[in-house]
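S.K.: Residues in the sequence shown are numbered from 1282 upward in steps of one, following my numbering.
Built from N, CA and C at the ideal position, the CB exists for glycine as well.
Pasting a structure below so you can have a look.
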Amino acid sequence: MIASLLPGFRDFRTPLVVGYLWLMAVWVLVSPFIPKKADSIGLLRALYDLTGWLGTTIALTILTFAAYVIGLILSGVSLRLLQWGGQQLAPTTEVGLADLIDRKLSRIFASDLTFADVERQLPNLAEEADDFIEFEHDRQRRIGSDEFGRMEGPPSYEKRMASRDMSRRNWLRSPRGHEAISRRVLNELRLAELSLQISSKDVYDKYDRTRSEADFRHAIAAPIGVLGIAVAVRLGFDGLGLWATLIAFGSILVVGVLELTARRREREANDFIVQAIIRGVIKAPVLELLDEVKPAPSIEASSKRR
1282 MIASLLPGFR
1292 DFRTPLVVGY
1302 LWLMAVWVLV
1312 SPFIPKKADS
1322 IGLLRALYDL
1332 TGWLGTTIAL
1342 TILTFAAYVI
1352 GLILSGVSLR
1362 LLQWGGQQLA
1372 PTTEVGLADL
1382 IDRKLSRIFA
1392 SDLTFADVER
1402 QLPNLAEEAD
1412 DFIEFEHDRQ
1422 RRIGSDEFGR
1432 MEGPPSYEKR
1442 MASRDMSRRN
1452 WLRSPRGHEA
1462 ISRRVLNELR
1472 LAELSLQISS
1482 KDVYDKYDRT
1492 RSEADFRHAI
1502 AAPIGVLGIA
1512 VAVRLGFDGL
1522 GLWATLIAFG
1532 SILVVGVLEL
1542 TARRREREAN
1552 DFIVQAIIRG
1562 VIKAPVLELL
1572 DEVKPAPSIE
1582 ASSKRR
């Protein structure tokens, strides 16, 4: 029973702690400017009276709910501020994923499938290809070569389409194309979680714990840093410059340690699920779509079915 409650507790823990940390940081900064109850007037006096009427328990419950809501809103901000660099994998896992993608793409290159056939399964892939191809065309025009197969002169429409498809296929065959597929796999790891939960509950539980620990450390890093700086500012105004400096540097150090450990746990979580994909325990949605790439039905075949 306790094990079944833990995932829900982890979901509740992160926004609550983040919310309280942000509230503490704000309180440290603004508390000197808040009048005491005897000196308060208007709305502030009404809040003091309401708190006294509700009692400590109810007031603390309301504060906890407010902290939870604030944490829900600001947890994502903390993750975006500090979670730079994209998804991380161990070197062995990176090699295994690259080899799996290479096998999937080799089937496409060995057949008569076109890039358009691939893009029907993986939308917007042409945009990534064309951006890089244009950059390469400009660079290679300056050095007198064009490995992506641009045709010179005014070719016919069919030749232009064939040339563009060849350029895109060459891009997909290149390391840049492999990176684009790998990036999509990593960006959609959350979509593979349900499959992992069905296939191996034990592995999923370990993955979920590790991922939650990484997200928790990412989420609390920013508010802890802000809280430390707020305390340092207050101590500086109070004339305790040495303590202010120590706490400021200490908070920066804590943020750095939290981020490093969060990245390590995040990489471990990614390794769990990507290794399951490599070993065939589960399937990544992107790679499943690659397996389903097939030629577009011809006009004659479509008319015959009618």
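Quick check: what's the CA-CA separation for I1322 versus R1515?
M.R.: If you take the alpha carbons of I1322 and R1515, they lie about 25 angstroms apart.
S.K.: Cutting at 7 angstroms between CB atoms, please list the residues of its own chain near M1305, excluding the five before and the five after it.
M.R.: Result list for M1305: L1508, in chain order.
S.K.: Does the pairing of the region 1331-1345 with the region 1533-1544 give three or more beta-carbon distances under 8 angstroms?
M.R.: In short, these stretches do not touch, since the Cβ pair count stays below three.
S.K.: Would you identify the three-state DSSP class for T1395, choosing helix, strand or coil?
M.R.: If DSSP states are grouped into helix, strand and coil, T1395 belongs with coil.
S.K.: What number of angstroms, rounded off, separates the C-alpha of R1546 from the C-alpha of S1493?
M.R.: Their backbone Cα atoms lie some 9 angstroms apart in a straight line.
S.K.: For R1388, count neighbouring Cβ atoms within 10 angstroms of its own Cβ and tell me buried if that reaches 16, exposed if not.
M.R.: Answer is exposed; the Cβ neighbour count stays below 16.
S.K.: Buried or exposed for R1471, please, with buried defined as at least 16 other CB atoms from any protein chain shown within 10 angstroms of its CB.
M.R.: With fewer than 16 Cβ atoms within 10 Å of its Cβ, R1471 is classed as exposed.
S.K.: Specify whether the region 1297-1304 and the region 1349-1359 touch according to this definition: at least 3 beta carbon pairs, one from each stretch, less than 8 angstroms apart.
M.R.: As far as the Cβ criterion goes, the region 1297-1304 touches the region 1349-1359, which means the pair count is three or higher.
S.K.: What is the DSSP secondary structure of Q1402, counted as helix, strand or coil?
M.R.: Q1402 falls in the helix class under three-state DSSP.
S.K.: Grouping DSSP H, G and I as helix and E and B as strand, with all else coil, what is K1385?
M.R.: The answer is helix: DSSP assigns K1385 an H, G or I state.
S.K.: Mind the definition here: the region 1481-1495 touches the region 1546-1557 only if three or more C-beta pairs lie below 8 angstroms; say whether that holds.
M.R.: Flag = yes, the region 1481-1495 and the region 1546-1557 touch.
S.K.: My understanding is that V1574 touches D1398, with C-beta atoms under 8 angstroms, so please give their C-beta distance in whole angstroms.
M.R.: About 5 angstroms separates the two Cβ atoms, so the contact holds.
S.K.: With a Cβ-Cβ cutoff of 9 angstroms, do I1554 and E1474 count as a contact?
M.R.: Taking 9 angstroms as the Cβ cut-off, I1554 and E1474 qualify as a contacting pair.
S.K.: Assuming V1562 and S1480 form a contact by the criterion Cβ under 8 angstroms, report the distance between their Cβ atoms to the nearest whole angstrom.
M.R.: Correct: roughly 5 angstroms between the Cβ atoms.
S.K.: Look up G1458 in the DSSP assignment and say whether it is helix, strand or coil.
M.R.: G1458: helix per DSSP, three-state reduction.
S.K.: Taking only the alpha-carbon atoms, compute the straight-line gap between R1465 and V1307 and give it to the nearest angstrom.
M.R.: The straight-line gap from Cα to Cα measures roughly 39 angstroms.
S.K.: Can you say whether L1328 is buried or exposed, counting buried as having 16 or more other CB atoms within 10 angstroms of its CB?
M.R.: With fewer than 16 other Cβ atoms within 10 Å, it is exposed.
S.K.: Would I1501 and A1513 be called neighbours here (beta carbons separated by less than 9 angstroms)?
M.R.: In this structure, A1513 does not lie closer than 9 angstroms to I1501 by Cβ.
S.K.: Just how far apart, CA to CA, sit G1531 and R1498?
M.R.: Spanning the two alpha carbons is a distance of roughly 17 angstroms.
S.K.: At which residues does the alpha helix (DSSP H) containing I1558 begin and terminate?
M.R.: Counting along the chain, the alpha helix (DSSP H) containing I1558 begins and ends at 1522-1559.
S.K.: Using C-beta distances below 6 angstroms, list every residue in its chain close to G1458, excluding the 5 sequence neighbours before and after it, in chain order.
M.R.: Cβ neighbours of G1458 beyond the five flanking positions: W1452.
S.K.: Rounded to whole angstroms, what's the CA-CA distance from D1519 to L1403? Just pull it up for me.
M.R.: Distance between the alpha carbons of D1519 and L1403 is about 60 angstroms.
S.K.: Do you know how far the Cα of D1496 is from the Cα of V1376?
M.R.: Going from the Cα of V1376 to the Cα of D1496 covers about 25 angstroms.
S.K.: Do R1544 and Q1369 count as a contact pair if the criterion is CB distance below 9 angstroms?
M.R.: The answer is yes: Cβ separation under 9 angstroms.
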